[in-house]
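Report on the structure given below.
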Amino acid sequence: MRCRDSEDDAGMVNYRWSVCWADLGITLGSEQAGRRPVLIISSDEVNQSLPIVTVVPLTSSKPGRRVYPTEALITAACSGLTCDSIAMAHQIRTIAKVRLGEACGRVDDASTREMILKAVQRHLGLDVL
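Everything in the sequence shown is counted per the working numbering, starting at 7 for the first residue and increasing by one.
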């Protein structure tokens, strides 16, 4: 199933908070590259209007790995992935929707969403809630 998560009563596709596989392509330096899971964080109002979405790349959570202030831990149960993951807000980027592949799941847990938004706010230097 492609990453077009669900539709609301008005027929609008809900992308926000979906976890999908994406092809991030070739990058430079420490940028996240290749095929990996991402979390869509852009608003669905914008997602409906443009051929792009803003995503936070995810990486596997390894035992003993520190979670930095610009990151948030997402459990496997919450993401639909096979292992716990770390959302890397410091790697936030906007990608074309055609880069999106299969849907994995959806982050519906309010406290996890709040942690992710706080990590994004810290990275961008916005007032933290």
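All C-beta atoms, glycine included, are put in the ideal place defined by N, C-alpha and C.
Asked, Found
"Counted within 10 angstroms of its Cβ, other Cβ atoms place glycine 111 as buried (16 or more) or exposed", "buried"
"7 Å Cβ shell around threonine 65 - same chain, five flanking residues per side excluded", "Ser91, Ile92, Met94"
"C-alpha distance - threonine 88 paired with asparagine 53, whole-angstrom precision", "27 Å"
"Between the CA atoms of glutamate 108 and cysteine 26 - distance to the nearest angstrom", "6 Å"
"Per DSSP, the bridge partner or partners of serine 49", "Paired residue(s): none; serine 49 is not in a bridge."
"Opening and closing residue of the alpha helix (DSSP H) in which serine 67 lies", "Here serine 67 belongs to no alpha helix (DSSP H), and DSSP marks it neither H nor E."
"Anticipated Cβ contact below 8 Å, glutamine 97 with proline 63, distance rounded", "5 Å"
"Contact under 8 Å by Cβ, isoleucine 47 with threonine 60", "yes"
"Nearest-angstrom Cα separation, counted from serine 67 out to alanine 83", "13 Å"
"As assigned by DSSP and simplified to three states, the class of leucine 130", "helix"
"Close-in-space but distant-in-sequence residues of the same chain around methionine 18 (CB under 8 Å, 5 per side omitted)", "Note that methionine 18 has pLDDT 49, beneath the 50 cutoff, so the model's placement of it is unreliable and the number below is only indicative. Result list for methionine 18: Asp50, Gln54, in chain order."
"With 16 other Cβ atoms within 10 Å as the buried cut-off, status of threonine 100", "exposed"
"Every unbroken beta strand (DSSP E) within the stretch 58-106, with a cutoff of 3 residues, ordered by chain", "58-66, 77-80, 91-94, 99-102"
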